[in-house]
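K.L.:
So in the working numbering the end of the sequence shown lands on 420, straight run, no missing numbers.
No residue lacks a Cβ here, since even glycine has one placed at the ideal position from N, Cα and C.
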Amino acid sequence: MSKQPASKDTPENIVFERWLTPTWAPPLLFAVFTIVYFAGFLFSSDVMQGLDTRMEFYLGKQPAAEKIADLAPENWDRYLGGTPISGFRQPKYFPLYPIYVFTTYHRYLGWRYIFATLFAGYFTYLCIQGFGLRRTTSAFSGLAYASSPTLLTFIYPGQEGKMLVMGLLPLMVWALYRLMDTRKPVWVFVLAAGVAGGIYTPHLQMLYYALIGLGILFAIRLIQDYLNERDIRLATVRSALAASGIILGLAVGAVGTFPAYKYTKTESRRAGDKGQGVSIEYARSWALHPEEMASLLIPEYVHFYKPHEKENLYWGRNQLKLNAEYFGIAVFFLAVVAIARVRTDPRVLPLLALAVITAAYALGPYTPVFAFFYHFVPGMNVLRTPGMIAFLFAFPAV
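As structure tokens, this is what we get:
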């Protein structure tokens, strides 16, 4: 994909471009943003107590040597009287685990929130730079994504695994685009690292949605490149490299994926041909209803639970609302403006298609898109909460 001509420089643009030119400047920018946002946690001994966070505050107080020894794959847990846990997902293989060696479990969760935010900002910056846009534009996009309620409101329910997948998404998109543009094998390993990291977050449903998003972007990019080049060999090479990155990532994360896959086929409520978990009605529960989609413009429209007042103001059709899909009115407006360039700028169409398809999927029973995915895309019929895919139309917008 060729880079588009840059817009005319202004004095402000020149200044910001100069500030961001050193290789250390962009990561420093996002590190400062993250430190400021989480200062209350970083400069205290407090923890960030999410609703899904376990209350066993003794966790993580064992010696560092014991935590390191726990890295060996286990088949049972001594704290559960020998209960088999070899099929559990494996967050201990996520690269942030060394932090846990030197702190408690609940403090470690706080660090996972911090790095999810840092990843979201800096990897978005790298991704937008890879699209051929200016450093200033890339920095704005990174800050918009890292500060979006779509990401940060998952702190309250305590779902740092979702946040980490959202933070790794820009890395995977960046690697996919660079792989297709340069056809260099190094990007296979970057893509694989993103996929494997997503497995060990360990929120597999969010990762699966991310892979669906990558597939949409890849398919449209592949068609665009083929129509420009008319070279089946290059299309084949791009396809092989992209597939290699995904397969390698799944292989590295095999200990976290195959037990979960077997669980959905045997013990889960989704297993077999009968039961609550196999119907399309169950699968599309927790969809985003039209009133939730309206909250993309007015975040308080459908409202949510107010934790300090312990007051539930949410009036939508789901059971409750603990997070927001809102990603900023300025971002929404700029994204709509960018649609006007869909015919002249080849970068717009893949992102627009990703946003439209995933937004339609998130609506569940209100569009035929969810039913199509449920019946024809492998693995989608064992998932529920289609609204969880909202990050895939927030990211293209930024």
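1) Starting from residue 194 and walking both ways along the alpha helix (DSSP H), at which residues does that stretch end?
2) What does residue 59 pair with, by DSSP beta-bridge criteria?
3) If you draw a straight line from the alpha carbon of residue 257 to that of residue 244, how long is it in whole angstroms?
4) Using the Cβ count rule (16 or more neighbours within 10 Å means buried), how would you classify residue 252?
5) Express the C-alpha separation of residue 403 and residue 286 in angstroms, rounding to a whole number.
6) Taking just the CA atoms, how far does residue 41 sit from residue 28?
7) Which class does residue 403 belong to by DSSP, given the choice of helix, strand or coil?
8) Quick check on this structure: which residue in 263, 384 and 153 has the alpha carbon closest to the alpha carbon of residue 206?
9) List the whole-angstrom C-beta distance separating residue 401 from residue 230, where the pair is believed to meet the contact cut-off of C-beta under 8 angstroms.
10) Could you work out which residue in 371, 220 and 236 is closest to residue 116 when comparing CA atoms only?
11) Could you tell me which whole alpha helix (DSSP H) segments of length 4 or greater appear in the segment 302–356?
12) Rounded to whole angstroms, what's the CA-CA distance from residue 260 to residue 371? Just pull it up for me.
13) With DSSP run on the structure shown, which of helix, strand or coil describes residue 397?
14) Do you know how far the Cα of residue 88 is from the Cα of residue 272?
15) In its own chain, which residues sit with a C-beta less than 6 angstroms from the C-beta of residue 407, not counting the 5 before and 5 after it?
16) Over the uninterrupted alpha helix (DSSP H) stretch that includes residue 46, give me the two end residues.
17) Report, in whole angstroms, the separation of the C-beta atoms of residue 409 and residue 310, which I expect to be a contact under 8 angstroms.
18) Going by the beta-carbon positions, is the gap between residue 344 and residue 73 smaller than 9 angstroms?
19) Is residue 65 helix, strand or coil when you go by DSSP?
20) Return the Cβ separation of residue 135 and residue 177 in integer angstroms, given the expectation that the two are a contact with Cβ distance under 8 angstroms.
21) What residues in its chain sit with their C-beta under 6 angstroms from that of residue 246, if we drop five residues either side in the sequence?
22) Are the beta-carbon atoms belonging to residue 314 and residue 275 less than 9 angstroms from one another?
23) For residue 84, count neighbouring Cβ atoms within 10 angstroms of its own Cβ and tell me buried if that reaches 16, exposed if not.
24) Would you say residue 183 and residue 120 are within 9 angstroms of each other, going by their C-beta atoms?
25) DSSP three-state call for residue 84: helix, strand or coil?
26) Please classify residue 46: is it buried, with 16 or more other beta-carbons within 10 angstroms of its beta-carbon, or exposed?
27) Which residue marks the beginning of the alpha helix (DSSP H) containing residue 139, and which one marks its end?
28) In three-state terms, what does DSSP make of residue 245?
29) Specify, as a first and last residue, the run of the alpha helix (DSSP H) that residue 222 falls within.
30) Take residue 250 as the anchor and find which of 203, 48, 280 and 216 has the nearest alpha-carbon.
31) With DSSP run on the structure shown, which of helix, strand or coil describes residue 177?
32) Spatial neighbours of residue 166 within its chain, please: C-beta separation below 7 angstroms, excluding the five flanking residues on both sides.
P.N.:
Put simply:
1) 182–204
2) For residue 59, DSSP assigns no beta-bridge partner whatsoever.
3) 7 angstroms
4) exposed
5) When only Cα atoms are considered, residue 286 and residue 403 end up about 11 angstroms apart.
6) Interpretation of residue 28 is limited by its pLDDT of 47, a score under 50 that renders its predicted location unreliable; the figure taken from the coordinates is listed afterwards. If you take the alpha carbons of residue 28 and residue 41, they lie about 18 angstroms apart.
7) helix
8) 263
9) Right, their Cβ atoms sit about 6 angstroms apart.
10) Of the candidates 371, 220 and 236, the one whose C-alpha sits nearest the C-alpha of residue 116 is 220.
11) 302–305 and 312–316
12) Between the C-alpha atoms of residue 260 and residue 371 there is a straight-line separation of about 19 angstroms.
13) helix
14) 28 angstroms
15) The beta carbon of residue 407 is closer than 6 angstroms to those of 308 in its chain, skipping five residues each way along the sequence.
16) Per DSSP, residue 46 is not a residue of any alpha helix (DSSP H), being assigned neither H nor E.
17) 4 angstroms
18) yes
19) coil
20) 6 angstroms
21) 368
22) no
23) exposed
24) Not a contact, by the Cβ cut-off of 9 angstroms.
25) coil
26) By the 10 Å Cβ count, residue 46 comes out exposed.
27) 127–152
28) In the three-state DSSP reduction, residue 245 falls in the helix class (H, G or I).
29) First-last for residue 222: undefined, no H or E at that position.
30) The candidate whose alpha carbon is nearest that of residue 250 is 203.
31) coil
32) Correct list, in chain order: 350, 353 and 420.
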